[in-house]
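Asks: Residue 77 in the working numbering sits at position 50 of the sequence shown, and the numbers go up by one each step.
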Amino acid sequence: NTSLHNAYIQKCISLAEQSPPRPTNFRVGALLLSRKDGDSTGTDDRILSTGYTMELAGNTHAEQCCFSNYASVHRVRDDEVSTVLPVEAGRKLIMYVTMEPCGKRLSGNTPCVERITKTREGGRAGIHKVYFGVKEPGTFVGESEGCKMLTAAGIEWEHVPGFEREILSVAFAGHENSEDEVKAALGEKGTNVDDI
Ligand SMILES: Nc1nc(=O)c(N)c(NC[C@H](O)[C@H](O)[C@H](O)COP(=O)(O)O)[nH]1
Ligand SMILES: [Zn+2]
28 NTSLHNAYIQ
38 KCISLAEQSP
48 PRPTNFRVGA
58 LLLSRKDGDS
68 TGTDDRILST
78 GYTMELAGNT
88 HAEQCCFSNY
98 ASVHRVRDDE
108 VSTVLPVEAG
118 RKLIMYVTME
128 PCGKRLSGNT
138 PCVERITKTR
148 EGGRAGIHKV
158 YFGVKEPGTF
168 VGESEGCKML
178 TAAGIEWEHV
188 PGFEREILSV
198 AFAGHENSED
208 EVKAALGEKG
218 TNVDDI
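(1) Just the C-alpha distance for C93 and S76, rounded to the nearest angstrom, thanks.
(2) Between V108 and Y97, which are expected to be in contact by the criterion C-beta below 8 Å, what is the C-beta distance as a whole number of angstroms?
(3) In chain order, what residues place their C-beta within less than 5 Å of a heavy atom belonging to ligand 2?
(4) On the criterion of 16 or more Cβ atoms from any shown chain inside 10 Å, does I74 qualify as buried, or is it exposed?
(5) Contact between the region 60-69 and the region 188-207: three or more CB pairs below 8 Å?
(6) Classify K145 as buried or exposed, calling it buried when 16 or more other Cβ atoms lie within 10 Å of its own Cβ.
(7) Checking 8 Å against the spacing of the C-beta atoms, do G201 and P48 come in under that value?
(8) Touching or not, the region 98-106 and the region 40-58, by the rule of three or more beta carbon pairs under 8 Å?
(9) Apart from the five residues just before and just after R102, which ones in its own chain have a Cβ nearer than 6 Å to its Cβ?
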């Protein structure tokens with residue numbers, strides 16, 4: 028089912044390409060879906076929401092917009108999104124993101140890992156697993172903590188290989204000498220699976 032994950036990562040890349048280029052963040056795309064247990068082809072997948080960096084007003088992240096879009100469709104505040112996410116026996120909530128969710132933000136805004144773990148509030152199953160195409164480069168916060176924090180919260184994660192260069196080129200598009208930053212990030216420890 029790698030082609031299944033590849034297809035969703037590619038969808039997230041096209042979401043990320045809609046993000047306005049800025050030197051102060053990365054252009055990222057995110058997608059939230061509900062998947063039937065054991066469904067390895069995605070035939071019963073239900074797309075719940077999508078988001079991309081700065082889709083919504085302010086300094087917003089892709090995952091943040093994904094949750095916020097879902098919350099507004101269900102007419103609740105962002106911090107109440109866990110109360111309207113579907114809880115269905117035999118199905119799991121899955122998130123796809125081009126980049127590892129942030130564990131820390133220079134702006135001090137709530138990191139996306141925290142938003143993801145909060146979906147488990149009130150004893151709800153919440154997000155079960157996060158698939159991402161590349162580890163967060165060290166540009167802003169150095170060694171990324173996102174994966175470690177997901178693991179600590181009992182949320183599974185998996186790196187979908189093969190799209191690193193494409194994802195990083197989109198992510199860095201608003202940066203000075205983005206070419207060099209992409210090359211540096213590709214060579215950075217942690218971009219390949221066993222380092223994550
Ligand atoms: N997963 C992820 N999705 C995004 O949509 C996005 N922009 C980042 N970016 C991570 C990076 O660490 C932060 O963008 C910087 O730390 C600056 O922090 P702010 O974004 O200004 O809060 N990461
Ligand atoms: Zn984030």
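Just so it is clear, CB atoms sit at the ideal spot from N, CA and C, and this is done for glycine as well.
Replies: In short, the structure shows the following:
(1) The straight-line gap from Cα to Cα measures roughly 6 Å.
(2) In this structure V108 touches Y97 by the C-beta definition: roughly 6 Å separates them, less than 8 Å.
(3) Going along the chain, the residues that qualify are H88, C129, C139.
(4) By the neighbour-count rule (16 or more Cβ atoms within 10 Å), I74 is not buried but exposed.
(5) The region 60-69, when compared against the region 188-207, does not touch it at the 8 Å Cβ threshold.
(6) Buried, because 16 or more other Cβ atoms sit within 10 Å of the Cβ of K145.
(7) It is a contact, given that the beta carbons lie within the stated cut-off.
(8) Taking 8 Å as the limit for Cβ pairs, the verdict is that the region 40-58 does not touch the region 98-106.
(9) Taking C-beta separations shorter than 6 Å and ignoring five residues to either side along the sequence, R102 has no partners in its chain.
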